[in-house]
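Shown next, in structure tokens, is the structure this report addresses.
Chains as they are written, first to last, in our numbering: chain A, 304 to 529; chain B, 1385 to 1614.
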């Protein structure tokens, strides 16, 4: 068990270190988020709708699209110089590789998702108020579900001719519950409703995230075996 | 069972299914009484509901065979999975085209975010992904494994999608959704529906076996041509 955790930590640390040195993915996702918000500004008639009414939907869609950019790169670095074969041949269990990869994605996407909320507060004067803590929890659960399915299916789509183009086709139908419960809970927070009303959505989101994570770590071995 | 026998059984079943389907069409156009409130448009129900049932059966079988394929690695299970999935796509497409046609008349709109509609559409896309993964993977062996993973995750995701789309509806009630049918269906309508369910199921099983034997023949051809080239 101790060894297992150490293996996860090693791969996770490697991914984080590479990313924080190059900052490629974070810069690309961050720029994407801000640019999308700028375009949203012109795509929306703010005289007619208030940010609170549509922000929850826009926040979640931005997270989904930016997340797609982020997870799509999960295996690129390894694929380019054949290092992935090395990881697969090392005595690390496949599920440990999956968990480490998914957790690294989680760190990047969670930073990006918090940036999305920040951008909406900054640009559109979104009032988050006292529910900020709960909002970060809901986003964490949504991002966890996203990276679980995203990491699994990036491993699938990287091996196809279509590459990253295939990824949204594979994961968007599966992630419908994340958008539905995530948006539901977020809009209740933004409307200033008590947290207890969003409890059902939060629980479902947590159940979904855990299921997705277990499924991913179980099925990953079938995706990468050669 | 040999491929020849499966091919024969498939052809027989498909023929029976087609003739039976002809009877069902006759029944639903001429025999069954017209529903009072929805009028003639309700007759599409005898195609729509059996198509829905058959597609769910087919997708369920596809996921089951996929899971067994990953476990046992028997080529035949993969062939069965892809045959069932293809049948599922066909019948889901029938359901997704007949539904809006009826909806336009009964609900006044082609599409509502009714849970069953949304679920079917998402399911259709999940299996579109299944076929795209299969066809765009260079190594067929890998493509089979990856597609099986898509089918399994899809099947296990269905309960969540189902719950979430229902939950979404309870938040936003749609305006004029008439419940299509009560639990009690008049006798002749029930008979027509059950006949149609039978016809669609038999037709699907026939097509499934035909498709399966086609896959068998394909792999046999593949093996022979490889031997010939060596």
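We put the beta carbon where it would ideally sit given N, CA and C, even for glycine. It should be emphasised that the depicted structure is a prediction, and the values quoted were computed from it without experimental measurement.
Alpha carbon of residue 1502 of chain B to alpha carbon of residue 1548 of chain B, nearest angstrom: Distance from the CA atom of residue 1502 of chain B to the CA atom of residue 1548 of chain B, rounded to whole angstroms, is 10 Å.
Using the Cβ count rule (16 or more neighbours within 10 Å means buried), how would you classify residue 1614 of chain B? By the neighbour-count definition (other C-beta atoms within 10 Å, threshold 16), residue 1614 of chain B is an exposed residue.
Any beta-carbon of chain A closer than 8 Å to the one on residue 1504 of chain B? No, because no Cβ of chain A sits closer than 8 Å to the Cβ of residue 1504 of chain B.
Between the C-alpha atoms of residue 1527 of chain B and residue 1542 of chain B, what's the straight-line distance to the nearest angstrom? Those two C-alpha atoms are separated by around 22 Å.
Please classify residue 327 of chain A: does DSSP put it in a helix, a strand, or coil? Three-state result, residue 327 of chain A: helix.
Determine, using beta carbons only, whether residue 1538 of chain B comes closer than 8 Å to chain A. So yes, residue 1538 of chain B belongs to the interface.
With a threshold of 8 Å, are at least 3 pairs of Cβ atoms found where one atom belongs to the stretch 477-488 of chain A and the other to the stretch 408-422 of chain A? Segments in contact, no.
Beta-carbon neighbours of residue 465 of chain A, restricted to chain B and to distances below 8 Å: Correct list: 1516, 1520.
Taking Cβ-Cβ distances shorter than 7 Å, what residues in chain A pair up with residue 1513 of chain B? For the C-beta of residue 1513 of chain B, the chain A residues within less than 7 Å are, from N- to C-terminus, 472, 473.
For a contact defined as C-beta to C-beta under 7 Å, what are the partners of residue 1541 of chain B on chain A? Neighbours of residue 1541 of chain B on chain A, chain order: 477.
In whole angstroms, give me the CA-to-CA distance for residue 437 of chain A and residue 505 of chain A. The alpha-carbon atoms of residue 437 of chain A and residue 505 of chain A are separated by roughly 9 Å.
Bridge-paired residues (DSSP) for residue 463 of chain A: B:1521.
Is residue 525 of chain A close to chain B, meaning its C-beta is less than 8 Å from at least one C-beta of that chain? By this cut-off, residue 525 of chain A is an interface position.
Buried or exposed, going by whether 16 or more other CB atoms sit within 10 Å of the CB of residue 1403 of chain B? Around the CB of residue 1403 of chain B, fewer than 16 other CB atoms lie within 10 Å, so the residue is classed as exposed.
Please state the DSSP three-state secondary structure of residue 1423 of chain B. Residue state, collapsed to three classes: strand.
So which residues of chain A does residue 1326 of chain B contact, with C-beta pairs closer than 9 Å? Because residue 1326 of chain B is not part of the residues shown, which for chain B are 1385 to 1614, the question remains open.
Quick test of the definition: if touching needs 3 or more C-beta pairs under 8 Å, does the stretch 1411-1421 of chain B touch the stretch 1437-1455 of chain B? Because the criterion of three Cβ pairs below 8 Å is not met, the stretch 1411-1421 of chain B and the stretch 1437-1455 of chain B do not touch.
Where residue 1443 of chain B falls, given that 16 or more other Cβ within 10 Å makes a residue buried: So residue 1443 of chain B ends up on the buried side.
Run down chain A in chain order and give the residues with a C-beta less than 7 Å from the C-beta of residue 1454 of chain B. Residues of chain A passing the Cβ test: 525.
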